[in-house]
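Q: With the numbering used here, letter number 32 in the sequence shown gets 37, and the count goes up by one each step, no holes.
Ideal Cβ placement from N, Cα and C applies to all residues, glycine included.
Bear in mind the structure is a predicted one, so any value in this text is a computation, not a measurement.
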Amino acid sequence: MEPDDALREALRLAVDPPGGVSIEALRELARDDDSTEWDIATTAAHLGVNPHTLRYYERIGLVCVPRDGAGHRRYDAAAVRRLVFLTRMRTSGMPISDLRHYIDLVDADRDTVSERMDMMLEHRDTLRSQIAQLQLALAATEYKIATYQKAPRP
6 MEPDDALREA LRLAVDPPGG VSIEALRELA RDDDSTEWDI ATTAAHLGVN PHTLRYYERI
66 GLVCVPRDGA GHRRYDAAAV RRLVFLTRMR TSGMPISDLR HYIDLVDADR DTVSERMDMM
126 LEHRDTLRSQ IAQLQLALAA TEYKIATYQK APRP
């Protein structure tokens, strides 16, 4: 394989890696199943977070979670949607202070749509820049792996 071909293949793998994002992974942002009523352990497992994280988000006002007769948290579809969004934003590096501001705007009213949009546009630009840098690092890694796989072994 020519060097440029190896570089092109490394770039292809970096930009479109196997096992990328699927529609199923995003579907939770639009969950509308009114029968959803999960306990904290089920919700935490579903989101891939610790139950302490969910309690923290509730304590700082990012999500309101109703309780059952015994005082246990019951996460409905709206709470799960919000938590999916919050965990995705935290994974992407959005600070808690920005999330708190965003949620305050969401809870305020529809007159805050333009400010929320501005926040999301700015965050998207930041993510695109980070992704481009990560893709370049992944391409370099893929290239080195391909080089080492072709190298003679002692």
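Just how far apart, CA to CA, sit Leu143 and Tyr62?
A: Their backbone Cα atoms lie some 33 angstroms apart in a straight line.
Q: Output the boundary residues of the alpha helix (DSSP H) element that contains Ser102.
A: Element bounds for Ser102: Ile101 to Ala113.
Q: How many angstroms separate the CA atom of Glu14 from the CA atom of Thr131?
A: Those two C-alpha atoms are separated by around 26 angstroms.
Q: Hey, does Asp103 have any beta-carbon neighbour from chain D nearer than 9 angstroms?
A: As a matter of chain content, chain D is missing from the structure shown, which is built from one protein chain.
Q: What span of residues does the alpha helix (DSSP H) with Asp174 cover, start to end?
A: In the structure as shown, the chain starts at 6 and stops at 159, and residue 174 therefore has no counterpart that could be examined.
Q: With DSSP run on the structure shown, which of helix, strand or coil describes Arg129?
A: In this structure, Arg129 counts as helix in the three-state DSSP scheme.
Q: Would you mind working out which of Thr92, Asp81 and Leu12 sits nearest Asp44, comparing C-alpha positions?
A: Closest by alpha carbon: Asp81.
Q: Between the segment 147 to 156 and the segment 118 to 136, do at least 3 Cβ pairs fall closer than 8 angstroms?
A: No, they do not touch.
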